[in-house]
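Just below is one structure, and these are the notes that go with it.
2 protein chains.
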Amino acid sequence: MLLKGRGGGSPCNSHRLTATMSSVARPDPAETPEEQRFLSTEEAAALERELLEDYRFGRQQLVELCGHASAVAVTKVFPLPTLSRKQRTVLVVCGPEQNGAVGLVCARHLRVFEYEPTIFYPTRSLDLLHRDLTTQCEKMDIPFLSYLPTEVQLINDAYGLVVDAVLGPGVQPGEIGGPCTRALATLKLLSIPLVSLDIPSGWDAETGGGDSEDGLRPDVLVSLAAPKRCAGRFSGRHHFVAGRFVPDDVRRKFALRLPGYSGTDCVAAL
Amino acid sequence: MLLKGRGGGSPCNSHRLTATMSSVARPDPAETPEEQRFLSTEEAAALERELLEDYRFGRQQLVELCGHASAVAVTKVFPLPTLSRKQRTVLVVCGPEQNGAVGLVCARHLRVFEYEPTIFYPTRSLDLLHRDLTTQCEKMDIPFLSYLPTEVQLINDAYGLVVDAVLGPGVQPGEIGGPCTRALATLKLLSIPLVSLDIPSGWDAETGGGDSEDGLRPDVLVSLAAPKRCAGRFSGRHHFVAGRFVPDDVRRKFALRLPGYSGTDCVAAL
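Right, dumping it as structure tokens:
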């Protein structure tokens, strides 16, 4: 997911997009059906535009589907019955843009699945959707931290895992404000498992560069809609795609070759 | 779910509501935790108001959650691997109000789950949410019937099952227009399995009366949020509740005693 929580979209070079479209219309026959395919930043933005503008998906609807699927992905890697009480505690760190909105929905579904989420959401969006999602979490008695301890051992001791919903693709670390930037610096030092939503926060969505050398090293990555190119550099244990809502025609248009979803599963392991 | 697709809410007598509230605050200790509890029309309206106004759930969000869960309920009773190709065809009949919107979402998720839905949606709502949900189905190549054959054998032969998303609680048969009324008359005569969403269309949500004597006799009922009182007169094979999104506090407030949801399931069998 690329659109920012405050309603902005990523800029897009229409010439390059057209070129991309015509190339994806002719899939390489040597490409095996199992081959994983990553979307460039422009393709991902075009896919999201297609869902929002052509298919008329609502942002509330997409954020709900992605957040629900992210929570389901957490349950696949960390099944509740295998966890101690302490391990069920999940710190969900949310940024001010769309990635953070997905994090809020993920936290709510984790609560419904009987995990014990706590939210750190230091830079709150004024966007109505974000405010409503925040209210849902608050009313469901999910605790919100007023600050994140800088002493990482406190976090390692208090939580079983951390969900990183700070920065999505197309959002620069400089845009999210000091508290989020400091939170990212803290997340890098944690020893408990880290689950990143869509991209590891701070990574360049295209190259994985920028922050990737000394950046976050999540154990689990949940690609939303489809994997972004930087996911090729993900070296954690579990990579899921949460994009069952992407219509077949759109998958074909972007030559997405991803493993099938089974039964009613909303995520697939890559 | 009670709110109408065009934005109307059910009228509500505040005196009786208050009385209801105070009575649900003192649950009968003799009531066992397993006991099934149905909501009166007023309680159901109050529960939905609580979700929309206090918890700030969006209508798009609730309709998506309910439609998804309805499709999952269909897969539980009619698992895809056990069905012949013909049995995978599902006719989804949608009314113009919120029940119909849930039906449109249900059809989309059935398509995603690899069933073959066809939609009959004769009286289209002008509501933006309905229009967007319709576009999603159309763009996903789900066929829309322009008329429903009056010869029931044609429907029995063409489809494996029918989803009834015509009328929710609080909507009178007279409000939905001729084509929906005629569709209901046709649905009564079918011999293929019928799945009703929230209440069997045409039943009085409170008493099950009105149309219940010679009304629809669904095989499967999927109660949305919580079962309405008329569900006590449901005598079909499978009754599900799709209300995992209802926060614990709200369940307690309305003294809802329902079986637990397991794992990440969004429906529970009653």
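Which chain is which? The protein sequence lines are A and B, in order. Each residue of the first sequence is one higher than the last, beginning at 1 in full-length UniProt numbering. Each residue of the second sequence is one higher than the last, beginning at 1 in full-length UniProt numbering. We put the CB at the ideal spot given by N, CA and C, even for glycine.
### Message
By the DSSP assignment, the alpha helix (DSSP H) with A:Ser-70 in it spans what residues?
### Response
59-77
### Query
Considering only the beta carbon of each residue, do A:Leu-189 and A:Gly-202 sit closer than 8 Å?
no
### Task
Kindly say whether B:Arg-251, judged by its beta-carbon, lies nearer than 8 Å to any beta-carbon of chain A.
no
### Query
In this structure, does DSSP put A:Glu-48 in helix, strand or coil?
helix
### Query
If we ignore side chains and look at the alpha-carbon of each, how far apart do B:Leu-83 and B:Phe-245 end up?
30 Å
### Message
Please return the same chain residues whose Cβ sits closer than 6 Å to the Cβ of A:Ala-25, not counting the five positions on each side in sequence.
### Response
Any reading at A:Ala-25 must be qualified, since the residue scores a pLDDT of 39, below 50, and its modelled position is unreliable; no value is offered.
#### Entry: Opening and closing residue of the beta strand (DSSP E) in which B:Leu-128 lies
Taken as a continuous stretch (DSSP letters only), B:Leu-128 belongs to no beta strand (DSSP E), being part of the alpha helix (DSSP H) at 128-139.
### Query
Using the C-alpha atoms, what's the distance from B:Pro-247 back to B:Leu-270?
19 Å
### Task
Using a Cβ-Cβ cut-off of 8 Å, state whether B:Thr-75 counts as contacting chain A.
yes
### Message
Let me make sure I understand the geometry here. Which of B:Leu-194, B:Leu-110 and B:Ala-242 has the alpha-carbon closest to that of B:Tyr-261?
### Response
B:Ala-242
### Query
Can you name, in chain order, every residue of its own chain whose Cβ lies under 7 Å from the Cβ of B:Leu-187, other than the five neighbours on each side?
Val-93, Val-162, Asp-164, Leu-194 and Leu-216
### Query
Any chance the region 217-233 of chain B sits against the region 42-49 of chain A, with 3 or more Cβ pairs inside 8 Å?
no
### Message
Less than 8 Å between the beta carbons of B:Pro-122 and B:Pro-179, yes or no?
### Response
yes
### Query
Three or more beta-carbon pairs under 8 Å between the region 131-142 of chain B and the region 50-65 of chain A, yes or no?
yes
### Query
Is A:Ile-176 helix, strand or coil by DSSP?
coil
### Message
Just to confirm, is the Cβ distance from B:Val-63 to B:Val-90 under 8 Å?
### Response
no
### Query
For B:Thr-264, does the count of other Cβ atoms within 10 angstroms reach 16, so buried, or fall short, so exposed?
buried
### Query
DSSP state of A:Ala-226, grouped into three classes?
coil
#### Entry: Neighbour list for B:Gln-61 in chain A, Cβ cutoff strictly below 8 Å
Gln-60, Gln-61 and Glu-64
### Message
DSSP three-state label for A:Cys-94, please.
### Response
strand
### Task
Can you give me the Cβ contacts of A:Ser-196 inside the same chain, cut-off strictly under 6 Å, excluding the 5 residues immediately before and after it?
Asp-164, Pro-218 and Leu-221
### Beta-carbon proximity list for A:Glu-50, same chain, < 8 Å, skipping 5 on both sides
Val-250 and Lys-253
### Query
At which residues does the beta strand (DSSP E) containing A:Ala-158 begin and terminate?
Here A:Ala-158 belongs to no beta strand (DSSP E); instead the alpha helix (DSSP H) covers 152-158.
### Task
Please state whether DSSP places B:Asp-205 in a helix, a strand or coil.
The residue you asked about is not Asp; residue 205 of chain B is Ala in the sequence shown. B:Ala-205 falls in the coil class under three-state DSSP.
### Neighbour-count burial assignment, A:Ala-205, 16 or more Cβ in a 10 Å radius
buried
### Query
On the three-state DSSP scale, how would you describe B:Thr-264?
coil
### Task
Taking B:Asp-127 as the query, report the chain A residues whose CB atoms sit under 7 Å from its CB, ordered along the chain.
None at all; the shortest Cβ gap to chain A is about 13 Å.
### Task
May I ask you to report which of helix, strand or coil DSSP gives A:Val-163?
strand
### Query
Does any C-beta atom of chain A lie closer than 8 Å to the C-beta of B:Tyr-115?
no
#### Entry: Three-state secondary structure (DSSP) of A:Val-246
coil
### Message
At the level of alpha carbons, what is the spacing between A:Glu-116 and A:Ile-142?
### Response
8 Å
### Task
Give a yes or no on whether the C-beta atoms belonging to B:Ser-70 and B:Gly-100 are separated by under 8 Å.
no
### Query
Could you give the residue range of the beta strand (DSSP E) that holds B:Thr-118?
116-120
### Short-range partners of chain A found in the region 230-249 of chain B, where Cβ spacing is below 8 Å
Arg-244, Phe-245, Pro-247, Asp-248 and Asp-249
### Query
What number of angstroms, rounded off, separates the C-alpha of B:Leu-258 from the C-alpha of B:Gly-236?
18 Å
### Residue closest to A:Phe-120, alpha-carbon to alpha-carbon, out of A:Gly-174, A:Tyr-147 and A:His-238
A:Tyr-147
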